Amino acid sequence: MKDRVILHVDQNSFYASVEMLRQPSLKTVPCAVAGDPANRHGIVLAKNRLAKRAGIKTGETIWQAKQKCPQLILVPPDYRSYLHFSRLARALYCEYTDRVEPFGIDECWMDLTGCPDHDGFAVAEQLRARVKEELGLTVSVGVSWNKIYAKLGSDLKKPDATTVISRDNYPCIVYSRPVEDLLYVGHATYRKLRRVGIRTIGQLVAAGPHFLRTMFGIVGLSLYSFAAGLDTTPVASSGREIPVKSVGNSITTRHDLYTEQDIKAVTYMLTESVSSRLRDAGMAARTVQVSLRDYQLYNIERQAPLPLPSQLCSEIAPEAFKLIMANFRQGQWIRSLGVRACNLIPLSKLNQESFLPQEKRRQAVWRLENTIDSLRGRYGGLAVRRGILLADRSLTGHDIKNENVIHPIGFFGP
Amino acid sequence: MSRPVFVSVLLEMSASGARHPLAITWEDGSRYEITRSLYVGRRAARSAGSGECWLCRIAGRDIPLYYSPLSGRWWMDGKGDPEPAPAAEPYKRVKDRDYKPAGQ
């Protein structure tokens, strides 16, 4: 069978590039896009080349970055324009093939197999030129026969470059790369691999599937196939609906939560969004999951079954709150809180009419929450709010549902 | 160097939805008639930004006019230096732990 032609297109320091496009003078100074420290989102999200040269890394806190480079200029993020440019770029990729799979906001895989333009390198060069001319941004492109090598290729030369990893040159390009360049070799895997002396991708391949299987279990086999270029994961079609597996929202609050009232208010605010999104998707949850992060950044996640499958805020929120309070210890102030509804089933399987008074009441609550949804749809997410949310508006003045951004799903997909 | 100059545009919307700029007003208030315009798709501007671009014939020369659907503004490449980058501010610590909820 003929090899596939897969491109991975990565927009170079995307957020920073968009800001520099709007304000070209930022190109002459070290600059970074960073969240708002007052809302405790104060980390570097993207940086330009001068800032990178000063040693600034993505994910650093602002004070660390300022210590390294006091003249660093910080720009607040503007997600609306990033999404706008991301959509435009994606529309451009879709002119070449129908199989365009986004991986986050600024990266995409494209499968050109069987397309009229199936010369990977030519398309990559054309894409680069077009993105530069039409959007004013730069991309780096990796061309290969599988998604993993394509991604690796796009990371090799930056910015504004094309790297081809073919059957002829892959041993000398890929095998000498450090193993952490491989997709899905994170901190934990990297540490384990180092312990047995595996530092490059070539050494990982040489270790063989059996050894990796004994070390990592089933994941070891996929690691081996990633490293050896045997991965056959398809590039998803761009129009594909991803089935919803769970619905969740989380927030890093403006200040730590330590009173029951604050925790309750934030829980209700998050659950309102979760339940409303459940209703939009026509799903009911059987399990509720909460995640807490305390002020020392220690994470815990707990879950509990719901008494009945539900999509109602007034049923999910008390369960979530109970779960949080059961795991909340005094002195362990909460920095970030998340509520997730999982174990979903379609509502159509549930709608049996019941004449029990309890069930009648549920129906009434369901109608009430639907009405509130439609009011919010018409007049904005903050039009109708619970009384509990009004106590501290710095915590709860968010329209969680509409501010919600869905982050990329894992490589293995749902 | 060039800088973006935001202009006001007199626009004709055709029944099919196509837009034809007819005249622009420069930042100094002078008005220029556009004798012919040609939509050329999305382009990155020489000065700043990128957007939908029309080549407009003004006084015998074809000059690009840009429109950003994101900001809803129209601009052209003007002569002169772009506005300088903002000065870096010293880092100010946000004392979030000082917060005490009401009633405590």
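Those sequence lines, one after another, are chains L and F.
The first sequence runs 0 to 413 under numbering that gives the first Met the number 0.
The second sequence runs 0 to 103 under numbering that gives the first Met the number 0.
Cβ coordinates follow ideal geometry from the N, Cα and C atoms, glycine included.
Computed from a predicted model, the values in this text were never measured in an experiment.
Any non-hydrogen atom of the ligand COA within 7 Å of residue i CB
i, result
"residue 129/L", "For the ligand COA, the structure offers nothing, since it holds no ligand at all."
Beta-carbon contacts of residue i that lie in its chain and below 8 Å, excluding the five residues immediately before and after
i, result
"residue 213/L", "219"
"residue 308/L", "283, 284, 285, 344 and 349"
"residue 277/L", "246, 283, 284, 310, 340 and 343"
"residue 6/F", "23, 24, 25, 26, 64, 73, 74 and 75"
"residue 13/F", "19"
"residue 136/L", "10, 11, 13, 16, 17, 20, 84, 88 and 130"
"residue 149/L", "5, 6, 7, 108, 141, 142, 143 and 164"
"residue 281/L", "345, 346 and 347"
"residue 192/L", "178, 184, 198 and 203"
"residue 305/L", "284, 285, 286, 287, 314, 315 and 318"
Own chain, CB closer than 6 Å to residue i, minus 5 neighbours either side, in chain order
i, result
"residue 162/L", "141, 152, 155 and 156"
"residue 255/L", "294, 332 and 334"
"residue 65/F", "44, 50, 52 and 74"
"residue 222/L", "211"
"residue 412/L", "Residue confidence is low: residue 412/L scores 42 on pLDDT, short of 50, so the model does not pin down where it sits. No coordinate-derived value is stated."
"residue 301/L", "289, 322 and 326"
"residue 208/L", "220 and 223"
"residue 320/L", "263 and 266"
Beta carbon proximity, residue i to chain L, threshold 8 Å
i, result
"residue 82/F", "yes"
"residue 85/F", "yes"
"residue 65/F", "no"
"residue 100/F", "The predicted position of residue 100/F is uncertain, since its pLDDT is 48 and thus under 50; a value taken from the coordinates is nonetheless stated next. Chain L, which has a Cβ nearer than 8 Å to the Cβ of residue 100/F, makes this yes."
"residue 60/F", "no"
"residue 9/F", "no"
"residue 54/F", "no"
"residue 75/F", "no"
"residue 69/F", "yes"
Which listed residue (the options) has its alpha carbon closest to that of residue i
i, options, result
"residue 49/L", "30/L, 62/L, 56/L and 34/L", "30/L"
"residue 273/L", "259/L, 79/L and 313/L", "313/L"
"residue 35/L", "53/L, 269/L, 179/L and 62/L", "62/L"
"residue 166/L", "8/L, 144/L and 207/L", "144/L"
"residue 101/L", "85/L, 114/L, 330/L and 115/L", "85/L"
"residue 225/L", "173/L, 326/L and 249/L", "173/L"
"residue 23/L", "0/F, 88/F, 58/F and 12/F", "0/F"
"residue 1/L", "363/L, 365/L, 105/L and 231/L", "231/L"
"residue 200/L", "215/L, 281/L, 194/L and 184/L", "184/L"
"residue 327/L", "368/L, 259/L and 359/L", "259/L"
"residue 237/L", "90/L, 47/L and 70/L", "90/L"
"residue 92/L", "398/L, 379/L, 319/L and 128/L", "128/L"
"residue 83/F", "25/L, 72/L and 369/L", "25/L"
"residue 147/L", "133/L, 159/L and 169/L", "169/L"
"residue 113/L", "105/L, 98/L and 104/L", "98/L"
"residue 38/L", "299/L, 182/L and 252/L", "252/L"
"residue 10/F", "21/F, 54/F and 17/F", "21/F"
"residue 275/L", "180/L, 368/L, 379/L and 54/L", "368/L"
"residue 28/F", "34/F, 8/F and 55/F", "8/F"
Contact with chain F by residue i, beta-carbon distance below 8 Å
i, result
"residue 410/L", "Note that residue 410/L has pLDDT 48, beneath the 50 cutoff, so the model's placement of it is unreliable and no number is given."
"residue 132/L", "yes"
"residue 71/L", "yes"
"residue 397/L", "no"
"residue 83/L", "yes"
"residue 54/L", "no"
"residue 262/L", "no"
"residue 11/L", "no"
"residue 150/L", "no"
"residue 323/L", "no"
"residue 359/L", "no"
"residue 80/L", "yes"
"residue 67/L", "no"
"residue 61/L", "yes"
Residues near residue i in its chain [Cβ-Cβ closer than 7 Å; skip 5 each side]
i, result
"residue 111/L", "4, 6, 95, 96, 117, 119 and 122"
"residue 383/L", "371, 374 and 375"
"residue 32/L", "14, 15, 18, 44, 45, 74 and 76"
"residue 98/F", "Unreliable placement is indicated for residue 98/F, whose pLDDT of 48 sits below 50; the coordinate value is still reported in the next sentence. Answer for residue 98/F: no residue qualifies."
"residue 67/F", "48 and 50"
"residue 197/L", "178, 203 and 206"
"residue 60/F", "none"
"residue 80/F", "0 and 2"
Of the residues that make up the region 14-42 of chain L, which ones have a beta carbon closer than 7 Å to any beta carbon in chain F?
20, 21, 22, 23, 24, 25, 27, 28, 36, 37 and 39
Residues in the region 30-51 of chain F having any Cβ partner in chain L nearer than 8 Å:
40, 41, 42, 43, 44, 46, 47, 48 and 49
Touching or not, the region 66-82 of chain F and the region 32-39 of chain F, by the rule of three or more beta carbon pairs under 8 Å?
no
Name the residues in the region 190-201 of chain L whose C-beta lies less than 8 Å from a C-beta of chain F; which are they?
none
Short of 9 Å Cβ to Cβ, which residues in the region 135-150 of chain L face chain F?
135 and 136
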